[in-house]
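Peer 1:
Number of protein chains: 2
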Amino acid sequence: MHEAFVAAVRDAGATVGPLAEADALIWADPQRAELFPELIRTAKRVRWIQLPYAGVEPFVDYLDARFVWTCGKGVYAPPVAEHALALALAGLRHIGAYARADRWLEPAGRNLLGARVLILGGGGIATSLVDLLDPFGCDITVFRRSDAPLRSSRVITQREELDAALPATAAVVIALALTAQTSGIVDHRFLSRMATDAWLLNVSRGEHVITDDLVAELPAGSIGGAALDVTDPEPLPLGHALWSLPNCIITPHIANTPEMGLPLIAARVRENTALFLAGKPLIGVVDVELGY
Amino acid sequence: MHEAFVAAVRDAGATVGPLAEADALIWADPQRAELFPELIRTAKRVRWIQLPYAGVEPFVDYLDARFVWTCGKGVYAPPVAEHALALALAGLRHIGAYARADRWLEPAGRNLLGARVLILGGGGIATSLVDLLDPFGCDITVFRRSDAPLRSSRVITQREELDAALPATAAVVIALALTAQTSGIVDHRFLSRMATDAWLLNVSRGEHVITDDLVAELPAGSIGGAALDVTDPEPLPLGHALWSLPNCIITPHIANTPEMGLPLIAARVRENTALFLAGKPLIGVVDVELGY
């Protein structure tokens, strides 16, 4: 990360030098936030601090309105949306079952082309996913808090509308922030409203799904299957029932790996450095009061 | 198929009636071409014949310039392109390996977003795949016979250009017609030029790949892996080496299943019926001389 950020800063036309003389601090180590208080004391001229995360959790106690803080907000959404699409295609086209097979099985699977897709959440992942789905001609519904439009999708905000949309949906993608309202949203009742050949895809947080309810519904054939990049508990322990269900695919929270994310956050560093040099507003500014 | 075609014809504003009084014959049984010679004798007014296939092989001996013949040319390309994309994502994101796992594995995988993609073949499948890849921002090269442009891709026609493109490509998609020139195109030499983390995807014909060469290269790690919807031999026999290779995904020729294809060919029937009623040129006309 350090090397990539140095290159990004130089690409943008800035120079990399000692902290005591620097106008900006680009944090390039995701692990060692605790070094911040000591380092910042020597940084007499710093006005802007760029953090490498999508959120700012490790720095939340250090946020300080003397500086402009920016983070990687929105940077990591495209790979996560890509993984959601990969899981949807793998599910609808039975690629998990075929990958496990040691023989030529009967034809199965259905198209995502033209299918009905329901996305829970209207943030960066949903926006990126709607973009990736654009050439598929899908009928996309987005369930979100606000009724602000999201590309060409149909936006719904009410639980009754969600319940009404579920039975006709081929792929349900969870792309929600985890809050008291969204934790456990996919429960027995939710799953029982889904079509028997529909797939559930989770790329946000395991706690959105009541795992025991999913374990009960999957073998019963209430839904076509589930492909989960996040689980509750996580990591999913050895011997857990989900590992052995034929219509369940587990990927180990790899929608956005460090390798995938590095060029994306480096591009943000380059962009923000160029904006900083030009005296223009930066991207991904953290609200110091709200802490995100 | 019969029911879907009847609905399509009626949707287009035509009526379905006895063959002796019909102006057009829509063939709705893919299995019984041998009935054609006897049936057509009673069809005094028929001017147009719509066949349900992408090619016209079962009817090739009956083609007769008294009629306008149309087939399903190009209709089935979008589902096949979708499967190619599903396999590319499954490969690059290690979904096959994760689907087989019974435990939380280490992070692996890379993005298709922004990756270099090489498509062998410039027909309907390639065109549909380029469209599906449009939001991914991929760098796409198409290897085809003619240098006619194909959307935003870079078109190459020479073997030396293909050899030069291989090492930097993340996903190589075979979407070729099978000819003497293309049979066995993916051999030891081809595979050894590919990057060690690149995936080979085949959605056209098994004979494009020298299976023994692939079986030799996959465990050696010469390429990242292979995801094949078609094989040689096909079906791939029980106990074949490809079934047990961890970096190989086999799907049983299901890129376009009958269930996926039916609504697509029905839409073509509807479209052509409307064009026929309007006296306009039909889509997918067969050249009776050339036989395709």
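Sequences listed follow chains W and S, in order. Per the numbering used here, residue 1 is the first one in the first sequence, and the count goes up by one each step. Per the numbering used here, residue 1001 is the first one in the second sequence, and the count goes up by one each step. Where a beta carbon is used, it is the ideal one built from N, C-alpha and C, also for glycine.
Any C-beta of chain W sitting closer than 8 Å to the C-beta of E1082/S?
Peer 2: As a position in the second sequence, residue 1082/S is number 82, starting the count at 1. Taking Cβ atoms only, chain W reaches closer than 8 Å to E1082/S, which makes this a yes.
Peer 1: Taking the beta strand (DSSP E) that D163/W belongs to, which residues open and close that run?
Peer 2: The residue given as residue 163/W occupies position 163 in the first sequence. Segment 159 to 165 is the alpha helix (DSSP H) holding D163/W; no beta strand (DSSP E) there.
Peer 1: What does N111/W reach in chain S if we use C-beta pairs closer than 7 Å?
Peer 2: On the first sequence, position 111 is the one that residue 111/W refers to. Neighbours of N111/W on chain S, chain order: P1079, E1082, M1260.
Peer 1: Any chance the region 223 to 241 of chain W sits against the region 42 to 57 of chain W, with 3 or more Cβ pairs inside 8 Å?
Peer 2: No: fewer than three Cβ pairs fall under 8 Å.
Peer 1: Bridge partners of V1117/S, per DSSP?
Peer 2: Taking the first residue of the second sequence as position 1, residue 1117/S is located at position 117. Answer is I1140/S, A1171/S.
Peer 1: Using alpha carbons as the reference points, say which of T196/W, W199/W, V173/W, D197/W lies closest to R205/W.
Peer 2: Locating residue 205/W in the first sequence gives position 205, counting from the first residue. For R205/W, the nearest C-alpha among the options comes from V173/W.
Peer 1: For G1109/S versus I254/W, is the C-beta distance shorter than 8 Å?
Peer 2: The sequence position of residue 1109/S within the second sequence is 109, counting from 1. The sequence position of residue 254/W within the first sequence is 254, counting from 1. Yes, the Cβ-Cβ distance between G1109/S and I254/W is below 8 Å.
Peer 1: Flag this pair as yes or no: are the beta carbons of A84/W and I125/W separated by less than 8 Å?
Peer 2: The residue labelled residue 84/W in the question sits at position 84 within the first sequence. The residue labelled residue 125/W in the question sits at position 125 within the first sequence. Contact flag set, yes.
Peer 1: Taking the alpha-carbon positions, what's the P1167/S to R1189/S distance?
Peer 2: In the second sequence, residue 1167/S corresponds to position 167, counting from 1. In the second sequence, residue 1189/S corresponds to position 189, counting from 1. The alpha-carbon atoms of P1167/S and R1189/S are separated by roughly 12 Å.
Peer 1: For a quick check, are the C-beta atoms of W1199/S and G1221/S less than 8 Å apart?
Peer 2: Here the question's residue 1199/S lines up with position 199 in the second sequence. Here the question's residue 1221/S lines up with position 221 in the second sequence. It is not a contact, given that the beta carbons lie outside the stated cut-off.
Peer 1: Any heavy atom of the ligand MN closer than 7 Å to the CB of I49/W?
Peer 2: This structure does not include the ligand MN; it has no bound ligands of any sort.
Peer 1: Per DSSP, what kind of secondary structure is I156/W in: helix, strand or coil?
Peer 2: The count along the first sequence starts at 1 and reaches residue 156/W at position 156. In this structure, I156/W counts as strand in the three-state DSSP scheme.
Peer 1: Who are the Cβ neighbours of V1046/S in its own chain at under 8 Å, not counting the five residues just before and after it?
Peer 2: Taking the second sequence and counting its residues from 1, one reaches residue 1046/S at position 46. Once the five neighbours on either side are set aside, the close Cβ partners of V1046/S are L1019, A1022, D1023, A1024, L1025, I1040, F1067.
Peer 1: Please confirm whether Y1062/S has its beta-carbon closer than 8 Å to some beta-carbon of chain W.
Peer 2: Against the second sequence, residue 1062/S aligns to sequence position 62. No - not a single Cβ of chain W is within 8 Å of the one on Y1062/S.
Peer 1: So with CB distances below 7 Å, who are the chain S contacts of T257/W?
Peer 2: On the first sequence, position 257 is the one that residue 257/W refers to. Per Cβ cutoff of 7 Å: P1107, G1109.
Peer 1: As a quick exercise: from V1203/S, V1286/S, I1156/S, T1196/S, pick the residue whose alpha carbon is nearest that of A1177/S.
Peer 2: One-based indexing of the second sequence puts residue 1177/S at position 177. Ranking the options by Cα distance to A1177/S, first place goes to V1203/S.
Peer 1: Applying the criterion that 16 or more other CB atoms from any shown protein chain within 10 Å of the CB defines a buried residue, is D229/W buried or exposed?
Peer 2: One-based indexing of the first sequence puts residue 229/W at position 229. It counts as buried.
Peer 1: Run through DSSP, which three-state label would W1243/S get?
Peer 2: Within the second sequence, numbered from 1, the residue matching residue 1243/S stands at position 243. Helix at W1243/S.
Peer 1: According to a CB-to-CB cut-off of less than 7 Å, which residues of the region 188 to 204 of chain W neighbour chain S?
Peer 2: The region 188 to 204 of chain W vs chain S, Cβ under 7 Å: nothing.
Peer 1: Name the DSSP beta bridge partners of V1288/S, please?
Peer 2: As a first step, residue 1288/S is located in the second sequence; it is residue number 288 there, counting from the start. Note: V1288/S sits in no beta bridge, so no partner.
Peer 1: Using the C-alpha atoms, what's the distance from R1145/S back to T1179/S?
Peer 2: Start at 1 with the first residue of the second sequence, and residue 1179/S comes out as number 179. Start at 1 with the first residue of the second sequence, and residue 1145/S comes out as number 145. Going from the Cα of T1179/S to the Cα of R1145/S covers about 12 Å.
Peer 1: With a cut-off of 8 Å, does the C-beta of L1282/S fall near any C-beta of chain W?
Peer 2: Residue numbering aside, residue 1282/S sits at position 282 when the second sequence is read from its first letter. Not one chain W Cβ lies under 8 Å of L1282/S.
Peer 1: Let me check understanding here. Comparing Cα to Cα, which of E1271/S, L1290/S, L1277/S, C1138/S lies closest to I1283/S?
Peer 2: Working through the second sequence from its first residue, we reach residue 1283/S at position 283. Here the closest residue by C-alpha is E1271/S.
Peer 1: Buried or exposed: A65/W, going by 16 or more other Cβ atoms within 10 Å of its Cβ?
Peer 2: As a first step, residue 65/W must be located in the first sequence, where it is residue number 65. Classification for A65/W: exposed.
Peer 1: For M194/W, which option in A266/W, R151/W, L118/W, N247/W has the closest C-alpha, if you only look at C-alpha atoms?
Peer 2: Working through the first sequence from its first residue, we reach residue 194/W at position 194. Nearest of A266/W, R151/W, L118/W, N247/W to M194/W, Cα basis: L118/W.
Peer 1: Starting from the Cα of P246/W, find the closest Cα among Q31/W, T141/W, A97/W, H240/W and give me that residue.
Peer 2: Numbered from 1 along the first sequence, position 246 holds the residue referred to as residue 246/W. Residue A97/W is the option with its Cα nearest to P246/W.
Peer 1: Examine chain S for any beta-carbon lying closer than 8 Å to the beta-carbon of A99/W, and answer yes or no.
Peer 2: Residue numbering aside, residue 99/W sits at position 99 when the first sequence is read from its first letter. Cβ-Cβ to chain S under 8 Å: yes for A99/W.
Peer 1: So, is the C-beta of H1188/S closer than 8 Å to a C-beta in chain B?
Peer 2: Annotation note: the requested chain B is absent from the structure, which comprises protein chains W and S.
Peer 1: Among P1258/S, V1186/S, T1257/S, I1265/S, which residue has its Cα nearest to the Cα of T1231/S?
Peer 2: Position 231 of the second sequence holds residue 1231/S. The candidate whose alpha carbon is nearest that of T1231/S is V1186/S.
Peer 1: Using a Cβ-Cβ cut-off of 8 Å, state whether D1102/S counts as contacting chain W.
Peer 2: The residue given as residue 1102/S occupies position 102 in the second sequence. So, interface residue.
Peer 1: Taking the CB atoms as reference points, tell me whether W1027/S and L1063/S lie closer together than 8 Å.
Peer 2: The sequence position of residue 1027/S within the second sequence is 27, counting from 1. The sequence position of residue 1063/S within the second sequence is 63, counting from 1. No, the Cβ-Cβ distance between W1027/S and L1063/S is not below 8 Å.
Peer 1: Is there at least one Cβ from chain S nearer than 8 Å to P30/W's Cβ?
Peer 2: Numbered from 1 along the first sequence, position 30 holds the residue referred to as residue 30/W. Output row for P30/W: interface = no.
Peer 1: Just list the residues that DSSP pairs W1104/S with in beta bridges.
Peer 2: As a first step, residue 1104/S is located in the second sequence; it is residue number 104 there, counting from the start. W1104/S is not bridged to any residue.
Peer 1: Using the Cβ count rule (16 or more neighbours within 10 Å means buried), how would you classify R1010/S?
Peer 2: Counting from 1 along the second sequence, the entry for residue 1010/S is found at position 10. Label assigned to R1010/S: exposed.
Peer 1: What does DSSP give as the partner residue(s) for W295/W in the beta ladder?
Peer 2: Limits of chain W in this structure are 1 at one end and 292 at the other, which puts residue 295/W out of reach.
Peer 1: For D134/W, would you say it is in contact with chain S, using Cβ-to-Cβ distances shorter than 8 Å as the test?
Peer 2: As a first step, residue 134/W is located in the first sequence; it is residue number 134 there, counting from the start. D134/W counts as touching chain S.
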